[in-house]
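Q: In my numbering, the protein residues as written are 89 to 427.
My questions all concern the structure below.
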C-alpha cells in the first residue's frame with residue numbers, strides 16, 4: 089500500500105525525471121509563433137531551452153490517461169467522472185469530445201452549451217455549485233461541483249470564463265514542464281520534391297520547396313513535476329477526495345513518463361532516472377502500485393460524484409462553432425461561384 093503520510097503536512101511534492109533522446113542526441117523542442125524555440129541564458133552563461141511548456145504538459149498528462157480505442161479513460165480510471173460530448177449536425181452524430189480532452193476542460197463551449205435532459209450543462213453545473221448572480225461564489229459548493237463532474241480539473245485548474253461573470257476559477261495544483269540544459273543548435277534541412285513540375289507555383293502546392301530544420305542537443309534534459317499539496321488541502325474536501333487527487337496526480341506523471349514522451353516526430357524521449365526532491369522520505373510510487381490503488385480510491389468517492397459519473401451531453405453545431413478559416417471560406421466561395 090502506498091504511504092501518503094509524508095504528504096500530509098508538506099507544502100508540495102516535487103519530482104523530476106532525467107530524459108534522453110531515443111536513438112540520437114538530437115531533438116526538436118516545442119515552438120511558438122513569431123518566437124520559434126524558447127531559448128534563454130542563465131546568469132552563469134548556461135544555455136537553456138524550454139522543451140515542453142506547462143500548458144502542453146497538462147494536456148499530455150490528460151491524453152496519456154485517455155484510451156482512444158475505447159473512447160474513454162483508461163481502464164484503471166473507470167468510474168472517474170468527466171463530461172462526454174456527442175456533437176451533432178442536425179440529427180446526425182458527427183464527432184465526440186470530452187472535458188478531459190478539451191483545452192479549457194469544463195469551460196469548453198462544447199461542454200457548457202451541451203444539452204442534457206435537465207437543460208444545458210452550464211445550468212446543471214451552476215445549480216450544483218449554488219451560484220447566485222450578485223452574490224459571492226460559494227467556494228465549497230463550487231469545488232464540490234468541479235469534483236463531482238471532473239475531478240482532474242481540480243488538478244489542472246479551471247477558469248470558468250464563459251460562465252456568468254467569470255468569477256469561478258482555480259489555479260493549477262499540478263504543473264509539469266520539460267527543459268534542457270547546456271543546449272546547442274543542430275541545423276539541418278530538406279526539400280519537398282515535385283516530380284512533375286519542380287518549378288511550379290509553390291503558393292498552390294506545386295514545385296520544389298526547400299526547408300530548414302532546427303534541432304538541438306543538450307547536456308541534460310529533465311521533466312519536472314510540482315504538486316501543490318497545500319492547495320489541495322485548501323479545497324477542504326473529504327479525506328477520500330484528497331487521497332484520490334494525490335493518487336491521480338502521481339499516476340498522471342508516471343503515465344506520461346511511461347507512455348507519453350513521443351512529443352513530436354523528432355522529439356522522442358526515454359526515461360533515464362526518476363527522483364523525488366520533496367518532501368523528505370517520500371518516493372514517487374511505481375505506476376503498478378498506483379494502478380492497484382486508484383480503483384478503490386475512485387470507489388471510495390462514488391458518493392461525491394455525479395450520477396452517473398460520466399455526464400453525457402449533446403452539442404448541436406452553431407454558426408460560430410461551424411465557421412471555417414478565412415482561407416477555407418474563400419475556397420468555398422470560389423467553388424460556389426464556379427457551380
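Here a beta-carbon is modelled for each residue, glycine too, at the ideal position from N, C-alpha and C.
Between the C-alpha atoms of residue 377 and residue 384, what's the straight-line distance to the nearest angstrom?
A: Each residue's Cα considered, the two are about 12 Å apart.
Q: To which residues of the same chain is residue 186 closer than 7 Å at the C-beta, ignoring the five residues directly before and after it?
A: So the list reads 170, 171, 172, 173, once near-sequence residues are dropped.
Q: Which residue marks the beginning of the beta strand (DSSP E) containing residue 210, and which one marks its end?
A: First-last for residue 210: 209-217, but that is the alpha helix (DSSP H), not the beta strand (DSSP E).
Q: If I follow the unbroken alpha helix (DSSP H) through residue 147, where does it start and stop?
A: That run of the alpha helix (DSSP H) goes 142-151.
Q: Here's a check: name, in chain order, each residue in its chain whose Cβ is nearer than 8 Å to the Cβ of residue 398, leaving out the five neighbours to either side.
A: Cβ within range, chain order: 160, 169, 170, 171, 172.
Q: Can you tell me whether residue 365 is buried or exposed? The criterion is at least 16 other CB atoms within 10 Å of its CB, across all chains shown.
A: Its Cβ having fewer than 16 others within 10 Å, residue 365 is exposed.
Q: Looking only at its own chain, which residues have a Cβ that is under 7 Å from the Cβ of residue 203, when we skip the five neighbours before and after it?
A: For residue 203, where only same-chain residues beyond five positions count, the Cβ hits under 7 Å are 401, 402.
Q: Using a 10 Å radius around the Cβ and a threshold of 16 neighbouring Cβ atoms, would you call residue 180 buried or exposed?
A: Counting Cβ neighbours within 10 Å, residue 180 comes out exposed, since fewer than 16 surround it.
Q: Determine whether the beta carbon atoms of residue 405 and residue 219 lie at a separation below 9 Å.
A: Going by C-beta atoms, residue 405 is not nearer than 9 Å to residue 219.
Q: Among the residues of its own chain, which have a CB less than 7 Å from the CB of residue 108, if the five just before and after it don't count?
A: The residues are 309, 357, 358, 360.
Q: Which two residues bound the contiguous alpha helix (DSSP H) that contains residue 375?
A: It spans 375-388 - the alpha helix (DSSP H) in which residue 375 sits, taken as one unbroken run.
Q: Based on DSSP bridge pairs, tell me the residues matched to residue 314.
A: Note: residue 314 sits in a beta bridge opposite 102, 263.
Q: For residue 352, which residues in the same chain have their Cβ closer than 6 Å to its Cβ, ignoring the five residues on either side in sequence?
A: Cβ neighbours of residue 352 beyond the five flanking positions: 116.
Q: Taking DSSP's pairing of strands, which residues face residue 275 in a bridge?
A: 302.
Q: Which residues in the same chain have their Cβ closer than 6 Å to the Cβ of residue 263, if we skip the five residues on either side of it in sequence?
A: Hits under 6 Å: 142, 314.
Q: For residue 341, which of helix, strand or coil comes out of DSSP?
A: Helix, per DSSP.
Q: So, with DSSP's three-state summary, where would you put residue 108?
A: It is a strand residue.
Q: From the DSSP output, in three-state form, read off residue 93 for me.
A: Three-state result, residue 93: helix.
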